Amino acid sequence: MSDMLIIFNPFSNRGDSRHAIDVVLQNLAQSDLDYEVKLTEERRHAIRLAQEAAEAGVPLIVAAGGDGTVNEVANGILLAAAGAEGVAPATMGVLPMGSGNDFAWGLGIRDGVGEAVDRLKRGHTRVIDVAWAEFDNAPDRYFVNMLGCGFDARVNIEAHKIKRLRGFAIYMAAVLKTLWTYFEKPQVHLTLDDRALETPSFITFIANGPRLGGGFLAAPQARYDDGILDLCIAGDVHRREVGGLIPKLMKGRHADHPKIIMDRAKSVTLKSDFPLPCQADGETISENLHCIKITTIPQRLRVIV
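Quick note: the sequence shown uses my numbering, first residue 24, plus one each step.
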């Protein structure tokens, strides 16, 4: 058994990650690390690979791909540790090869694959919180960075249809397209710990980390290890206001906007009579949700930083 399993998603960033894996392997070949590489073949395959590795006692499991790959690997590690107390036994590393790489950015891994391999060699770790999400008509799952409902989730769906662009340009193109095809603002009912909140919702973000979409700081105050979730809700926003909100979201300077609600809670329940699209860590959960229950689990996952 190797000390490290690299779970590589060759479909990340519209398949461009295939070229980056050679750089990764060249860097690893020059190290003393004992590793094995496995490629994913379909959605949720990384969950199975990570769970099997964690149950077999592999100490370090690396997600090589985008935020969706990170989410699957994290779910596999956490499912292997289900029922146990404290920090999950396996550590997760990240080799950012996706279009957004928001989780890696939040961990300070921002200079590409070469730097990320160097981080694996150094082995500095941090224990972070995770969030457990229960859905009324989709499989429950963990997320490590951010869950979004409404417009954001529709953008995510459109982004996965775009084949010719790469990186942040994918999300900007998807935002512009979605503005003309989806502009719902249903009334949502939220329970934040023991407080109730009712509001129209163009977008609702529930965040463990600060950034999504490759460059939108929706929850700039969010920290991975503070034991609490940060919320950002864009309420009764008009279409003409979105253009002014986008640069504010990119810089994390939207909190003072009159249509924005910022809040924090350890647990969040969101209900809506209107069917909501939802994504978690860039993975589409469903286009038709009515109830979501989210709980933060403090100090649960050790990650390479």
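Note that CB positions come from ideal geometry on N, CA and C, so glycine has one too. Treat the numbers as computed from the prediction; the structure is a model and nothing was measured.
(Q) Within 10 Å of its beta-carbon, does G353 have 16 or more other beta-carbons around it, so buried, or fewer, so exposed? (A) Summary: the structure shown does not reach residue 353, with the chain confined to residues 24 through 328, and so no result is reported for it.
Q | Beta-carbon proximity check, M169 vs A278, cutoff 9 Å | A | no
Q. For L213, which of helix, strand or coil comes out of DSSP?
A. strand
Q. Rounded to whole angstroms, how far is the Cβ of S25 from the Cβ of V85, which I believe are closer than 8 Å?
A. The pair is not a contact, with the Cβ atoms about 11 Å apart (cut-off 8 Å).
Q: Assign T92 to one of three DSSP states: helix, strand, or coil.
A: helix
Q.
Judging by CA-CA distance, which residue of A288, A245 and E221 is the nearest neighbour of D259?
A. E221
Q. What residues match up with K61 in a beta bridge as DSSP calls it?
A. I30
Q. Three or more beta-carbon pairs under 8 Å between the segment 179–186 and the segment 242–258, yes or no?
A. no
**Q.** Enclosing alpha helix (DSSP H) for V178 [first to last residue]
**A.** F174 to A182
(Q) Among the candidates F239, M115, A107 and D286, whose CA atom is the shortest distance from the CA of M195? (A) F239
Q: Report buried or exposed for Q74, applying the criterion of at least 16 other Cβ atoms within 10 angstroms of its Cβ.
A: buried
(Q) Given this structure, state the Cα-to-Cα distance separating R276 from Q244, to the nearest angstrom. (A) 11 Å
Q. Is the segment 143–150 touching the segment 213–227 in the sense that three or more CB pairs, one from each, lie closer than 8 Å?
A. no
Q. Relative to the alpha-carbon of D45, which residue among E108, L293, L118 and G109 has its alpha-carbon at the smallest distance?
A. L118
Q | Between the CA atoms of P321 and I100 - distance to the nearest angstrom | A | 16 Å
Q: Go ahead and pull the three-state DSSP assignment for T204.
A: coil
Q | Residue burial classification, P281 (beta-carbon count within 10 angstroms, cutoff 16) | A | exposed
Q | Range of the contiguous alpha helix (DSSP H) that encloses H68 | A | H68 to E78
Q) Does the distance from the CB of V96 to the CB of L62 come in under 9 Å? A) no
Q: Taking A288 as the reference, give the member of S309, D249 and L268 with the closest Cα.
A: D249
Q.
Using only CA atoms, which one of W155, M120 and A111 lies nearest to I30?
A. M120
(Q) Please report the straight-line C-alpha distance between P209 and A156, rounded to a whole angstrom. (A) 21 Å
Q | Reference Q49, options E306, G116, V140 and N94, closest by Cα | A | V140
Q. Who are the Cβ neighbours of Y205 in its own chain at under 7 Å, not counting the five residues just before and after it?
A. F174 and R177
Q) When the distance is taken between beta carbons, is D152 closer than 9 Å to L235? A) no
Q: Would you list the one or two residues that DSSP bridges to F191?
A: None; F191 has no bridge partner.
Q) Which first and last residues belong to the beta strand (DSSP E) in which L130 is found? A) Taken as a continuous stretch (DSSP letters only), L130 belongs to no beta strand (DSSP E), as it is neither H nor E.
(Q) Rounded to whole angstroms, what is the Cα-Cα separation between T318 and D159? (A) 15 Å
Q: Apply the 10 Å Cβ neighbour rule to R323 and answer buried if 16 or more other Cβ atoms are within range, or exposed otherwise.
A: buried
Q) Helix, strand or coil for I44 per DSSP? A) helix
Q.
Using only the alpha-carbon positions, how far apart do M115 and Y58 sit?
A. 14 Å
Q.
For W128, count the other beta carbons within 10 Å of its own beta carbon; 16 or more makes it buried, fewer makes it exposed. Which is it?
A. buried
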